[in-house]
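The structure under discussion appears below in the form of structure tokens.
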Amino acid sequence: MSENVAGPVSFGNVGEARWYRRGAFASQTAYVAVAFVLITVLVAVFTHNFLSYGNLLNTSKNFSYIAIVALGSTLVIITGGIDLSVGSVMALVAVLTVILMKFFATTFVASIPYLGITLAVLGGLLVSALVGLVNGLLISKIRLSPFVTTLGMLSICRGATYVITQGRGQAPAGPQVDTFYSLTDGKLFGLPVPLVYLLVLAVVMGVALRQTRWGRYVFVLGGNERAAQLTGVAVSRVKISVYILCAMSAGFAGILIAGWLGSAPANLATGYELKIIAASVIGGADLAGGVGGPVGAVIGAALIEVIRNGLALFGADTYWEQVFVGTIIILAVLVDRLRTREAE
3 MSENVAGPVS FGNVGEARWY RRGAFASQTA YVAVAFVLIT VLVAVFTHNF LSYGNLLNTS
63 KNFSYIAIVA LGSTLVIITG GIDLSVGSVM ALVAVLTVIL MKFFATTFVA SIPYLGITLA
123 VLGGLLVSAL VGLVNGLLIS KIRLSPFVTT LGMLSICRGA TYVITQGRGQ APAGPQVDTF
183 YSLTDGKLFG LPVPLVYLLV LAVVMGVALR QTRWGRYVFV LGGNERAAQL TGVAVSRVKI
243 SVYILCAMSA GFAGILIAGW LGSAPANLAT GYELKIIAAS VIGGADLAGG VGGPVGAVIG
303 AALIEVIRNG LALFGADTYW EQVFVGTIII LAVLVDRLRT REAE
């Protein structure tokens with residue numbers, strides 16, 4: 003009597019994620035990148051000078067300042083925090099750096115090439131690091147709410163900026179002021195210097211997050227802080243470090259904007275904190291923590307700037323930018339939530 007022997011049954015499709023949840027499309031950043039490409043193409047097609055050299059130059063500069071700070075903001079968001087003080091830190095550091103340049107121009111330091119500029123920039127970045135340190139200590143050691151802490155720091159830094167300047171703008175001065183302008187608003191390899199800085203910082207951040215123990219701790223902290231603490235992660239140190247880096251990224255961007263404008267007004271970067279956080283969130287950083295990266299921050303900032311620039315070229319009211327950005331934030335979070343719910 004013969005016996006039927008069935009061959010092995012394949013269940014290769016069991017547990018396999020659908021195409022839009024695999025590979026590059028597994029992250030929100032991929033969908034935002036597609037949206038960015040589509041919107042850029044539409045703006046280029048329906049406006050006659052979007053692709054002009056002058057417009058592309060200005061667009062790349064404008065989004066670079068936001069994106070540089072969004073890199074730091076993304077680090078904070080990955081840990082489950084938030085920093086609302088970045089716009090005010092940009093203004094405070096820009097003003098202090100310019101004031102230090104003018105001060106050193108009247109001392110013996112002016113006779114030593116580039117020393118005045120170096121000390122002024124380092125002084126400004128040191129102030130930003132101190133702001134980040136205070137934020138980090140209050141949040142990690144005293145366990146204050148990141149939202150309330152950085153909201154208070156927003157007011158402190160903005161108020162200090164107005165107190166120092168009495169509301170008047172400060173212009174860079176000194177024997178090496180042309181060098182300052184070249185380093186902040188010049189070109190390198192045909193690209194605007196701010197864009198070059200952004201690309202370098204994005205690469206450094208990507209390597210740090212993916213290839214170092216510190217980077218792994220940042221993600222672990224955002225995924226489950228309690229578990230991270232139980233496994234020996236120095237939670238306070240990691241939190242303090244990301245707030246310092248976030249504040250320093252804001253300070254650096256503030257210095258670049260001062261060079262671009264040729265002045266550091268007291269109201270510099272007013273309202274930028276919302277654009278910066280929006281760039282991070284649109285690019286895929288999850289406010290609940292544990293998710294985010296430099297590519298998303300850069301794409302998010304670029305998308306916001308293309309929308310702003312497109313509205314200006316269309317002759318539309320630029321206030322519509324806020325409407326479009328808000329809509330994109332909600333859609334991005336909604337799509338990500340739907341993908342997550344389906345995966346569950």
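Read the sequence shown against this note's numbering and you will find it ends at 346, with the numbers running on by one and no gaps.
Even for Gly, the Cβ is constructed at its ideal location relative to N, Cα and C.
Tell me whether the beta-carbon of A260 lies closer than 7 Å to the beta-carbon of A96. As a working mapping, residue 260 is identified with position 258 in the sequence shown. As a working mapping, residue 96 is identified with position 94 in the sequence shown. A contact, by the Cβ cut-off of 7 Å.
Spatial neighbours of T49 within its chain, please: CB distance less than 6 Å, with the 5 preceding and 5 following residues excluded, ordered by chain position. Position 47 of the sequence shown holds residue 49. Correct list, in chain order: L315.
Kindly indicate which residue of L53, S87, A230 has the alpha-carbon position closest to the one of L270. Residue 270 sits at position 268 when you count from the first residue of the sequence shown. Out of L53, S87, A230, S87 has the C-alpha closest to the C-alpha of L270.
Under the three-state reduction of DSSP, which class applies to L270: helix, strand or coil? Residue 270 sits at position 268 when you count from the first residue of the sequence shown. In this structure, L270 counts as coil in the three-state DSSP scheme.
Would a C-beta distance cut-off of 7 Å place I301 and G312 closer than the cut-off? The residue given as residue 301 occupies position 299 in the sequence shown. The residue given as residue 312 occupies position 310 in the sequence shown. Cβ atoms of I301 and G312: not closer than 7 Å.
Please classify F149 as buried or exposed, where buried requires at least 16 other C-beta atoms within 10 Å of its C-beta. Taking the sequence shown and counting its residues from 1, one reaches residue 149 at position 147. It counts as exposed.
Please look up how many angstroms separate the CB atoms of P1 and V100, rounded, as I've assumed it's under 8 Å. Outside the shown range of the chain, which is 3 to 346, sits residue 1, and nothing can be said about it.
Indicate the three-state DSSP secondary structure (helix, strand or coil) for K241 in the structure shown. As a first step, residue 241 must be located in the sequence shown, where it is residue number 239. K241 falls in the helix class under three-state DSSP.
Would you list the one or two residues that DSSP bridges to L190? Position 188 of the sequence shown, counted from the first residue, corresponds to residue 190. Per DSSP, L193.
Proximal residues to G25 (C-beta, below 6 Å), its chain only, five neighbours per side dropped: Counting from one through the sequence shown, the residue named residue 25 turns up at place 23. Here the model assigns G25 a pLDDT of 49, short of 50, so the residue's position is not dependable, and the following value carries that caveat. If we look at G25 and ignore the five residues flanking it on each side, it has no Cβ neighbours.
So, at 8 Å on beta carbons, what are the nonlocal neighbours of A304 in its own chain, with the 5 sequence-adjacent residues on each side left out? The residue you call residue 304 lines up with position 302 of the sequence shown. Only F38, F65, A69 meet the Cβ criterion.
Q172 by DSSP, collapsed to three states: which one? Taking the first residue of the sequence shown as 1, we reach residue 172 at position 170. Three-state result, Q172: strand.
Looking at I331: is its Cβ nearer than 7 Å to the Cβ of A280? As a first step, residue 331 must be located in the sequence shown, where it is residue number 329. As a first step, residue 280 must be located in the sequence shown, where it is residue number 278. Going by C-beta atoms, I331 is nearer than 7 Å to A280.
Pull up the CB-CB distance for G273 and A93, whole angstroms please, since I reckon it's below 8 Å. Taking the sequence shown and counting its residues from 1, the one referred to as residue 273 is at position 271. Taking the sequence shown and counting its residues from 1, the one referred to as residue 93 is at position 91. The pair is not a contact, with the Cβ atoms about 11 Å apart (cut-off 8 Å).
For T120, name the three-state secondary structure that DSSP assigns. As a working mapping, residue 120 is identified with position 118 in the sequence shown. T120 falls in the helix class under three-state DSSP.
Hey, would you say I306 sits closer than 7 Å to V293, going by beta carbons? Looking up residue 306 in the sequence shown gives position 304. Looking up residue 293 in the sequence shown gives position 291. No, they are not a contact pair.
With 16 other CB atoms within 10 Å as the buried threshold, where does L340 fall? Here residue 340 corresponds to residue number 338 of the sequence shown, with the count starting at 1. Label assigned to L340: exposed.
Option nearest E275 by Cα separation, candidates L156, G317, L201, T233: Counting from one through the sequence shown, the residue named residue 275 turns up at place 273. Nearest C-alpha to E275: L156.
Kindly indicate which residue of A236, G169, M207, V209 has the alpha-carbon position closest to the one of Y219. For the purposes of this step, residue 219 is identified with residue 217 of the sequence shown, where counting begins at 1. It is A236 whose Cα lies nearest to the Cα of Y219.
In or out: N378 buried (at least 16 other Cβ within 10 Å) or exposed? There is no way to answer for residue 378, as the model of the chain reaches only from 3 to 346.
Here's a check: name, in chain order, each residue in its chain whose Cβ is nearer than 8 Å to the Cβ of P177, leaving out the five neighbours to either side. Stepping through the sequence shown from its first residue, residue 177 is reached at position 175. Counting only Cβ-Cβ distances below 8 Å, and skipping sequence neighbours, we find A107, A112, G118.
Quick one: what does DSSP say Y219 is sitting in, helix, strand or coil? Residue 219 sits at position 217 when you count from the first residue of the sequence shown. Note: Y219 maps to helix in three-state DSSP.
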